[in-house]
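**Q** In the numbering used here, the protein residues as written are 131 to 597. By construction, the Cβ of each residue, glycine as well, lies at the ideal position given by its N, Cα and C atoms.
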Ligand code: IFM
């Protein structure tokens, strides 16, 4: 009998004992208090205050006011029964210029957060970088510059010292693909630069920063689990024609292996070097870098929302707005069929299954955490005050079913973190997209559990999915 078999009559798909049921958030998306207690601007403060960059001119100045409502939000998680909470630390709150000593008030906020989580019986899972680079470091060149990786290593040392004894899991970076390629490649995200070379340099320096941080964390917090979160692309070619397979290979190289290979194999993907030859020779990768990037980690976090369907494109001039260095002019992106979320992202749980079994095969022995999965819908409180979100429940049910199937097929998935606990600042979309299982009325900051939150609490209590 496997750990998945035994189940009470009311639960059809039971998850293994000890499976981690979490929710996830990120500092800039929920905290607010943008200039309190010594916090200085990050690249997202600057970007969101730049006209035309974020829908409706929204900023994270107040967001979900979590900085002042942290205890209430932990209370909500306690009600849901989550075992783990994944949050991120705002670098400019604890080390405002990205250099030098830490600000005690900033550290104190995260100390309180961790202590209250532990008191509530919830395991803290801390992400060091969820896109909010101190603006001063961007002014000094940002992630395309090597020095930023060293600054990140120092910041990791500060956090390991402050919280290393109490944080169960450290995630160095969240979705470096978005930060490198949307931030420096097509300018959709902060800091809004548009250079293929800068995005590739940034990607390498993220890998280096990750490795340097692993070294710091390992030294100070040897008992903690150390992880990295990637938004791996579940790439599907339109057909098995060689040109379509090559399109998928290019996206896999610049979307996935650009991080997986340096981190897990200590090498750069040869085909990526070849594909990107027109924009760079990769001479910014120095001797010894790939030994640092490959510092062993304890698990891999995966953020999954929808698959990427591609086909060959006939060569055409590169669009300046592409985040896909080395793939422009060679790849067309095709719409996946089926229903869509409010982000217009296809609902396709099979993509999550595909990703998990691929990682089972490609990275044997590496435990997996689903560090984000969820969906935005146009939720609202009805006159009775209820927030009904049946599409989200359906989305979550389908994706958890896919996770269960991957587990049964041998993928070593240790936990699932629902994105997101709260409605929040959805980057370039501002507050127009609601990913939370808790509705936030941004005018009053009133929190209301959506139906999906009650559903998730029931799943956690059962340890599995009902029929
Ligand atoms: O809101 C984001 C999160 O910050 C990173 N992963 C994707 C989510 C939805 O877009």
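Could you give the residue range of the alpha helix (DSSP H) that holds residue 523?
**A** Where residue 523 is concerned, the enclosing alpha helix (DSSP H) stretches over 520-538.
**Q** If you count every other CB in all the chains shown that lies within 10 Å of the CB of residue 596, and 16 or more means buried, which is it?
**A** Classification of residue 596: exposed, given that the 10 Å Cβ count is below 16.
**Q** Confirm the yes/no value for this check: CB of residue 433, any heavy atom of the ligand IFM, distance under 6 Å.
**A** The answer is yes for residue 433.
**Q** Which value, in whole angstroms, describes the spacing of the CA atoms of residue 386 and residue 264?
**A** Their backbone Cα atoms lie some 26 Å apart in a straight line.
**Q** Under 7 Å between the Cβ atoms of residue 194 and residue 219?
**A** Contact flag unset, no.
**Q** Specify the secondary structure class of residue 222 as computed by DSSP and reduced to three states.
**A** Residue 222 falls in the helix class under three-state DSSP.
**Q** Which of helix, strand or coil does DSSP assign to residue 487?
**A** Helix, per DSSP.
**Q** Check whether the Cβ of residue 241 lies closer than 7 Å to any Cβ atom in chain D.
**A** Here there is only one protein chain, and chain D is not present.
**Q** Would you report the Cα separation of residue 321 and residue 311, rounded to the nearest angstrom?
**A** Distance between the alpha carbons of residue 321 and residue 311: 11 Å.
**Q** Can you tell me whether residue 156 sits near the ligand IFM, meaning its C-beta is under 6 Å from at least one heavy atom of the ligand?
**A** Result yes, Cβ under 6 Å from the ligand IFM.
**Q** Say the cut is 6 Å; is the CB of residue 685 nearer than that to a heavy atom of the ligand IFM?
**A** Since the first and last residues shown for the chain are 131 and 597, residue 685 lies out of range.
**Q** Our contact map puts residue 298 next to residue 343 with C-beta atoms below 8 Å; I'd like the distance itself, whole angstroms only.
**A** Not quite, the Cβ-Cβ distance comes to about 17 Å (not below 8 Å), so this is no contact.
**Q** Put residue 183 into one of helix, strand or coil per three-state DSSP.
**A** Residue 183 falls in the coil class under three-state DSSP.
**Q** With H, G and I counted as helix, E and B as strand and the rest as coil, what does DSSP make of residue 431?
**A** If DSSP states are grouped into helix, strand and coil, residue 431 belongs with the strands.
**Q** Thinking C-alpha only, which one of 238, 556 and 216 is nearest residue 225?
**A** Among 238, 556 and 216, the Cα nearest to that of residue 225 is on 238.
**Q** For residue 361, is the classification buried or exposed, using 16 other Cβ atoms within 10 angstroms of its Cβ as the cut-off for buried?
**A** Buried, because 16 or more other Cβ atoms sit within 10 Å of the Cβ of residue 361.
**Q** Using a 10 Å radius around the Cβ and a threshold of 16 neighbouring Cβ atoms, would you call residue 580 buried or exposed?
**A** When all chains shown are included, residue 580 counts as buried.
**Q** Look up residue 155 in the DSSP assignment and say whether it is helix, strand or coil.
**A** Correct three-state label for residue 155: coil.
**Q** Does residue 171 pass the burial test, meaning 16 or more other C-beta atoms within 10 Å, or should it be called exposed?
**A** Buried, since its Cβ has 16 or more Cβ neighbours within 10 Å.
**Q** Between residue 262 and residue 174, how many whole angstroms is the CB-CB distance? I'm expecting something under 8 Å.
**A** About 5 Å separates the two Cβ atoms, so the contact holds.
**Q** Roughly how many angstroms lie between the CA atoms of residue 187 and residue 178, to the nearest whole one?
**A** One C-alpha to the other measures close to 7 Å.
**Q** Buried or exposed for residue 563, going by 16 or more other Cβ atoms inside 10 Å?
**A** By the neighbour-count rule (16 or more Cβ atoms within 10 Å), residue 563 is buried.
**Q** Between which two residues does the beta strand (DSSP E) harbouring residue 499 extend?
**A** Note, residue 499: beta strand (DSSP E), 498-503.
**Q** Determine the DSSP secondary structure at residue 257, reduced to helix, strand or coil.
**A** Residue 257 falls in the strand class under three-state DSSP.
**Q** Examine the Cβ distances between the region 388-396 and the region 369-379 and report whether three or more of them are shorter than 8 Å.
**A** As far as the Cβ criterion goes, the region 388-396 does not touch the region 369-379, which means the pair count is below three.
**Q** Go to residue 337, then tell me how far its alpha helix (DSSP H) extends in each direction, as first and last residue.
**A** Counting along the chain, the alpha helix (DSSP H) containing residue 337 begins and ends at 326-350.
**Q** With a threshold of 6 Å, establish whether the CB of residue 590 neighbours any heavy atom of the ligand FAD.
**A** This structure lacks the ligand FAD; its bound ligands are the ligand IFM.
**Q** Is it a yes or a no for the region 287-296 touching the region 402-418, going by three-plus beta-carbon pairs under 8 Å?
**A** No contact exists between the region 287-296 and the region 402-418.
**Q** Under three-state DSSP, which class holds residue 147?
**A** Coil, per DSSP.
**Q** Would you say residue 338 and residue 409 are within 7 Å of each other, going by their C-beta atoms?
**A** No, the pair does not count as a contact, with Cβ atoms beyond the cut-off.
**Q** Going by DSSP, what residues sit across from residue 577 in a beta bridge?
**A** Beta-bridge pairing links residue 577 to 570.
**Q** Do the CB positions of residue 235 and residue 167 come within less than 7 Å of each other?
**A** Yes, the pair counts as a contact, with Cβ atoms nearer than the cut-off.
**Q** For residue 609 versus residue 197, is the C-beta distance shorter than 7 Å?
**A** Any answer about residue 609 is impossible in this case: the structure gives the chain only from 131 up to 597.
**Q** Look at the alpha carbon of residue 454 and the alpha carbon of residue 372, and state the distance between them as a whole number of angstroms.
**A** Distance between the alpha carbons of residue 454 and residue 372: 20 Å.
**Q** Would you decide whether residue 140 is buried or exposed? Buried here means 16 or more other CB atoms lie within 10 Å of its CB.
**A** Under this definition residue 140 is an exposed residue.
**Q** Which residues does DSSP pair with residue 217 in a beta bridge?
**A** Per DSSP, 256.
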